[in-house]
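Q:
2 protein chains.
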Amino acid sequence: MDSKDLPANILDPNCPSRVIFQRIGDKWASLVIQVLGDGPVRFSELRKMVSVVTPKVLTQTLRALERDGLITRTVHAQVPPRVDYQLTAMGESLLQPLSMLREWAESHVPTILDARDAYDDAQDEALLGSST
Amino acid sequence: MDSKDLPANILDPNCPSRVIFQRIGDKWASLVIQVLGDGPVRFSELRKMVSVVTPKVLTQTLRALERDGLITRTVHAQVPPRVDYQLTAMGESLLQPLSMLREWAESHVPTILDARDAYDDAQDEALLGSST
DNA sequence: GACAACGGTATCCAATGGATACTGATAGCT
DNA sequence: AGCTATCAGTATCCATTGGATACCGTTGTC
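Going down the list, the sequences are from chains A and B. Mapping of the first sequence onto numbering that gives the first Met the number 0: position 63 corresponds to residue 62, and the numbering continues sequentially without gaps. Mapping of the second sequence onto numbering that gives the first Met the number 0: position 17 corresponds to residue 16, and the numbering continues sequentially without gaps.
#1: Could you round the C-beta distance between Q59 of chain A and T73 of chain A to whole angstroms and report it? I think they count as a contact, below 8 Å.
#2: Check Q59 of chain B in the structure and name its three-state DSSP category.
#3: List the residues of chain A whose Cβ lies closer than 7 Å to the Cβ of G68 of chain B, in chain order.
#4: Under a three-way DSSP split, which group does L86 of chain B fall into?
#5: Give the straight-line distance between the Cα atoms of S92 of chain B and V34 of chain A, rounded to the nearest whole angstrom.
#6: For a contact defined as C-beta to C-beta under 7 Å, what are the partners of S29 of chain B on chain A?
#7: To the nearest angstrom, report how far apart L94 of chain B and G36 of chain B are at their CA atoms.
#8: Measure the C-alpha to C-alpha separation of V18 of chain A and M99 of chain B and round it to an integer number of angstroms.
#9: Would Q21 of chain B count as contacting chain A if we go by Cβ distances under 7 Å?
#10: Kindly indicate which three-state DSSP category I70 of chain B falls into: helix, strand or coil?
#11: Whose Cβ in chain A lies nearer than 8 Å to the Cβ of Q33 of chain B?
#12: Quick check: is the beta carbon of D1 of chain A nearer than 7 Å to any beta carbon in chain B?
#13: Roughly how many whole angstroms lie between the Cα atoms of A28 of chain A and R81 of chain B?
#14: Going by Cα to Cα distance, which pick from A:V40, A:H107, A:L97 is closest to C14 of chain B?
#15: With respect to the alpha helix (DSSP H) encompassing L21 of chain B, which residues constitute its N-terminal and C-terminal limits?
#16: Among A:L10, A:I111, A:L61, A:D116, which residue has its Cα nearest to the Cα of D25 of chain A?
#17: Less than 7 Å between CB atoms is the rule here; does S16 of chain B satisfy it with respect to chain A?
#18: Measure the CB-CB distance between L30 of chain B and V56 of chain B and report whether it falls below 7 Å.
#19: Applying the 10 Å Cβ sphere with the 16-neighbour rule, what's the burial state of L97 of chain A?
#20: Give the residues of chain B in contact with R101 of chain A, contact being defined as C-beta atoms less than 8 Å apart.
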């Protein structure tokens, strides 16, 4: 069997769902969306809340999210400028799946840290053993 | 208020949950885990199923997942060699949150593609307008 | 003894991410 | 009038990562 029996396949590199899946998994995008879950936030606030992201990368992330229709960008004609970012309805629909992931991550922190320690110790021993 | 009233905070760059959250969001890791959801798979099979990933990057991904205790690596003493990768119990517990994300991605493909087209068209027009 | 199968490494180059400095408009202070 | 601060970004440069490709070691088969 091949991948034909899967529906809208994320495993197919030509399937747009894969691209979208990876946009969600982007290092900063998912954090931004979760921050915006509480309402509109302006650029400088986002920078503080999603620490530590450089302005260039934050801009890239926001543009990508805007392009995909997950957030809106509202410029207020003021000086100094004020730009608000806000989730769209589609963006909000991402909050729940994302928060499940976040909960998973938070609840498995200790187990994973233990696994890392054990793995690293095993590596160290293997190295020591091979040199003696 | 600051971030103190959030529990195990993903937004805090010093919190391990953030690192773990981003490992899950890794471009290849999440795909590998979903492929392994159906049972153990050997290296070369993984390469085919998670197309298109280079061996170097696949190895990096697998080592990282192994280190975090999400998968196990089993070497069979054969020639040619056979190495199976398999989810641990913790790895399996990730399947459900991941599949929710996958379902979200798959179901929103058309909307997002439309949003992209609209955005790109608007950009094009803005460019044309500014040059005339 | 050449070749194929498998699970990787090694090497090199391109793309991405990140640190830092800077811009442009204006309001407020001195 | 000039200096400074605020804000939302750009511009520039460098480090890290990701990716393409070639190659390796082992052993069974021809």
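A virtual CB, placed ideally from N, CA and C, is assigned to each residue, including glycine.
A: Answer, in terms of the structure:
#1: Counting from one through the first sequence, the residue named residue 59 of chain A turns up at place 60. Counting from one through the first sequence, the residue named residue 73 of chain A turns up at place 74. About 19 Å separates the two Cβ atoms, so there is no contact after all.
#2: Looking up residue 59 of chain B in the second sequence gives position 60. In the structure shown, Q59 of chain B sits in a helix (DSSP, three-state: H, G or I).
#3: For the purposes of this step, residue 68 of chain B is taken as the residue at position 69 of the second sequence. Within chain A, the residues near G68 of chain B are T110, I111, A114.
#4: Counting from one through the second sequence, the residue named residue 86 of chain B turns up at place 87. DSSP places L86 of chain B in strand when its eight states are reduced to three.
#5: Locating residue 92 of chain B in the second sequence gives position 93, counting from the first residue. Locating residue 34 of chain A in the first sequence gives position 35, counting from the first residue. Approximately 25 Å between the Cα atoms of the pair.
#6: Along the second sequence, one-based indexing puts residue 29 of chain B at 30. In chain order: G24.
#7: By 1-based counting over the second sequence, the position of residue 94 of chain B is 95. By 1-based counting over the second sequence, the position of residue 36 of chain B is 37. Whole-angstrom Cα-Cα distance: 7 Å.
#8: If you number the first sequence from 1, residue 18 of chain A lands on position 19. If you number the second sequence from 1, residue 99 of chain B lands on position 100. Taking the straight line joining both Cα atoms gives about 16 Å.
#9: Here residue 21 of chain B refers to the residue found at position 22 of the second sequence. It does; some Cβ of chain A falls within 7 Å.
#10: On the second sequence, position 71 is the one that residue 70 of chain B refers to. Here I70 of chain B sits in strand by DSSP.
#11: Residue numbering aside, residue 33 of chain B sits at position 34 when the second sequence is read from its first letter. Within 8 Å Cβ-Cβ: I9, L10.
#12: Along the first sequence, one-based indexing puts residue 1 of chain A at 2. For D1 of chain A, the pLDDT reaches just 42, beneath the cut-off of 50, and the residue's location in the model is therefore unreliable, leaving the point undetermined.
#13: Here residue 28 of chain A is taken as the residue at index 29 of the first sequence, counted from 1. Here residue 81 of chain B is taken as the residue at index 82 of the second sequence, counted from 1. Their Cα atoms are separated by approximately 38 Å.
#14: The count along the second sequence starts at 1 and reaches residue 14 of chain B at position 15. C14 of chain B has its Cα closest to that of A:H107, out of A:V40, A:H107, A:L97.
#15: By 1-based counting over the second sequence, the position of residue 21 of chain B is 22. What sits at residue 21 of chain B in the sequence shown is Gln, not Leu. 15 to 23 is the span of the alpha helix (DSSP H), which, as asked, contains Q21 of chain B.
#16: Along the first sequence, one-based indexing puts residue 25 of chain A at 26. If we check each option's Cα against that of D25 of chain A, A:L61 comes out closest.
#17: The count along the second sequence starts at 1 and reaches residue 16 of chain B at position 17. Closer than 7 Å to some Cβ of chain A, the Cβ of S16 of chain B qualifies, so yes.
#18: As a working mapping, residue 30 of chain B is identified with position 31 in the second sequence. As a working mapping, residue 56 of chain B is identified with position 57 in the second sequence. No, the Cβ-Cβ distance between L30 of chain B and V56 of chain B is not below 7 Å.
#19: For the purposes of this step, residue 97 of chain A is taken as residue 98 along the first sequence, with counting starting at 1. Buried: at least 16 other Cβ atoms inside 10 Å.
#20: Residue numbering aside, residue 101 of chain A sits at position 102 when the first sequence is read from its first letter. Correct list: I9, S16, F20.
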